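Residue numbers (our numbering), protein chains in the order written: chain A, 306 to 623; chain B, 306 to 623.
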């Protein structure tokens, strides 16, 4: 389940009461513990590394602040070519070693029961946060840059891609058995602009990872990008809940799909969850399909509803 | 241009220095003045009523607060059937008369030079704000309600629809020569759920307005909803910048379209703006097309770029 470790679990909240978010991310024992929680408590059939998508940007030299109640912010957003000069492709063992150590702990604890999936953001999505400095309603700074100086923005995206490659390879070395790339903001772009701006750094990563572990690409609100996704050199295409899988398949053919159960449906009654699981599995036929949520699990999700979802999928043999 | 009155205009900012946002909305002379600014300063060929989309909710009895720096909030969000009981279908002349007065002033000032377009939000989008209490990353409360008690949510949506009908008819009586309905959050839903949840109250409004003035429906991030839009009883379908108009037309046929110039492109160089105007006009061929931005104009847009956009469209004869 996407973002399967998190606030909906009382056991997660108990740990968060003792440690702030960044401390949790940077303490391998704690990060490993919350990574394992959904496996033990909900019964999912893979562990997903608990880490924040923005950590590699901090490792590149961008100050990252998690203020209470607010989301993450970069007090010094990157908006010009000169700003890019402040960012380096870091030594990931030195700056992100805590992530790799958490992964090693998870692998040891799991002892082969279920696989571990590592993850990262796509360069376009990481740049979105770094350029705005925080979440944004319109991503005006990012989009402005993309029209004012697309070549300059491409330099930033390429540097993030190089960092991501080192970071993801480090995750593989530490035991990640598959990798997910999250493109939360790829859907802001038209297909043509996605191909021009977001795809080159994404393809660079995909090419670098190919031949190691399976790579999953997830995009949010990307129903209009399916033609571009069809040609992506990744193993699995992961989609949100907006477009039924049968329609996705009309465009991407027999590619392996992941998704696309609406996470909000986990807030509804359990019989309805079970009905929708059967429905999504039916829609997914015609090629490989890994059942998953279409976006992160909502913090208000009752744990027994998450369990009902997992059980319904398992019972179906999916 | 969508949201054509606003912060990118120094003359708007000058008025905002003297009056907070709600005062501006509720003072007909000021609202009329900022409604007229884009006509005089940028040369657009229609005035668009300046008002906040959320005002009818306040008129229904929901306390609405615009805190400085933050967006609008409802301190008492509506999340249950009991909460709905707090909301009435208001006497719009009494509670929203200031909007109608602003429209009358605008009509008088314009004296037929250009038409005036009124507007409102769709019930789904208005409910999104009212249920969350503010902007939201995931609209979890709204979506939860839609799964937990869709019939209860339908009651709320229907009451908002009834209010909207009175509000929009009041705008027509005060001189609005066309109406736009904004569905900022319709794109959160899959087509099937949009049809089940968002469409019934929307259709109720469309049916009530039909035969009076042209009605425009705009949805943001709704590329996956085009099949549903095709069958909507409205005069114009307005889309964002994500899907090219030629593709939109493949689904909706010869419907009159509006859009879909990327508002962020106005931040790029003027020759590029002119190139993109020609491009979008070309894509729009094959049926009626009203050139417009695909979303609200960004506050950082240089005024001469907005003017260049309008001039390029006018030169093309579009």
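Cβ atoms here follow ideal geometry from the backbone N, Cα and C, with glycine treated the same way. All values derive from a computational prediction rather than experimental measurement.
With a CB to CB cut of under 6 Å and the five nearest residues on each side skipped, what residues in its chain are close to residue i?
| i | result |
| --- | --- |
| residue 334 of chain B | none |
| residue 364 of chain A | 395, 400 and 401 |
| residue 593 of chain A | 561 |
| residue 427 of chain A | 486, 488 and 507 |
| residue 604 of chain B | 312 and 313 |
| residue 329 of chain B | 335 |
List the DSSP bridge partners of residue i.
| i | result |
| --- | --- |
| residue 594 of chain A | A/562 |
| residue 400 of chain A | Answer is none; residue 400 of chain A lacks a bridge partner. |
| residue 425 of chain B | B/486 |
| residue 521 of chain B | B/485 and B/541 |
| residue 371 of chain A | A/377 |
Residue i versus chain A: which residues are under 7 Å apart at the beta carbon?
| i | result |
| --- | --- |
| residue 529 of chain B | 528, 547 and 548 |
| residue 443 of chain B | 603 |
| residue 573 of chain B | 452 and 453 |
| residue 570 of chain B | 452 |
Quick check on residue i: does DSSP put it in helix, strand or coil?
| i | result |
| --- | --- |
| residue 264 of chain A | The question about residue 264 of chain A has no answer, for chain A in this structure spans 306 to 623. |
| residue 328 of chain A | helix |
| residue 485 of chain A | strand |
| residue 687 of chain B | The requested residue 687 of chain B is not part of the displayed model; chain B covers only 306 to 623. |
| residue 378 of chain A | strand |
| residue 353 of chain B | strand |
| residue 451 of chain B | helix |
| residue 335 of chain B | helix |
| residue 578 of chain A | helix |
| residue 390 of chain A | coil |
| residue 358 of chain B | coil |
| residue 555 of chain B | helix |
| residue 510 of chain A | helix |
| residue 432 of chain B | helix |
| residue 463 of chain B | helix |
Residue i versus chain B: which residues are under 8 Å apart at the beta carbon?
| i | result |
| --- | --- |
| residue 577 of chain A | 452 |
| residue 495 of chain A | 546, 547, 548, 549 and 567 |
Tell me which same chain residues have a C-beta within less than 7 Å of the C-beta of residue i, skipping the five on either side of it?
| i | result |
| --- | --- |
| residue 575 of chain B | 610 and 613 |
| residue 247 of chain A | Nothing in the structure corresponds to residue 247 of chain A, since chain A is present only between 306 and 623. |
| residue 393 of chain B | 365 and 366 |
| residue 533 of chain B | 496, 499, 500 and 504 |
| residue 567 of chain A | 546 and 599 |
| residue 419 of chain B | 344, 350, 351 and 352 |
| residue 491 of chain A | 427, 429, 430, 499, 503, 524, 527 and 530 |
| residue 389 of chain A | 383, 460, 461 and 464 |
| residue 447 of chain B | 432, 433, 436 and 437 |
Excluding sequence positions up to five away, which residues of its chain have a Cβ less than 8 Å from the Cβ of residue i?
| i | result |
| --- | --- |
| residue 470 of chain A | 509, 510, 513 and 514 |
| residue 411 of chain A | 337, 340, 341, 352, 354, 421 and 480 |
| residue 621 of chain B | 582, 583 and 586 |
| residue 602 of chain A | 306, 307, 308, 309, 311, 313, 568, 571 and 611 |
| residue 368 of chain A | 379, 380 and 381 |
| residue 415 of chain B | 341, 344, 352 and 421 |
List, in order along the chain, the chain B residues whose C-beta lies closer than 9 Å to that of residue i?
| i | result |
| --- | --- |
| residue 440 of chain A | 442 |
| residue 471 of chain A | Neighbours of residue 471 of chain A on chain B: none; closest Cβ ~29 Å, over 9 Å. |
| residue 448 of chain A | 567, 568, 569, 570, 572 and 603 |
For residue i, verify whether its CB is less than 8 Å away from any heavy atom of the ligand ATP.
| i | result |
| --- | --- |
| residue 377 of chain B | This structure lacks the ligand ATP, and indeed carries no ligand of any kind. |
Query raised in the report: Would the region 541-554 of chain A and the region 514-525 of chain A be scored as touching if the rule is three or more Cβ pairs under 8 Å?
Result: yes
Query raised in the report: Counting pairs of Cβ atoms below 8 Å between the region 334-349 of chain A and the region 357-374 of chain A, do you hit three or more?
Result: no
Query raised in the report: Would you call the region 582-592 of chain A and the region 546-559 of chain A in contact, with 3 or more CB pairs under 8 Å?
Result: yes
Query raised in the report: Should the region 367-381 of chain B be called in touch with the region 429-438 of chain B, which here means at least 3 C-beta pairs below 8 Å?
Result: yes
Requested in this report: Could you tell me whether the region 455-467 of chain A touches the region 497-517 of chain B, using the rule of 3 or more Cβ pairs below 8 Å?
Outcome: no
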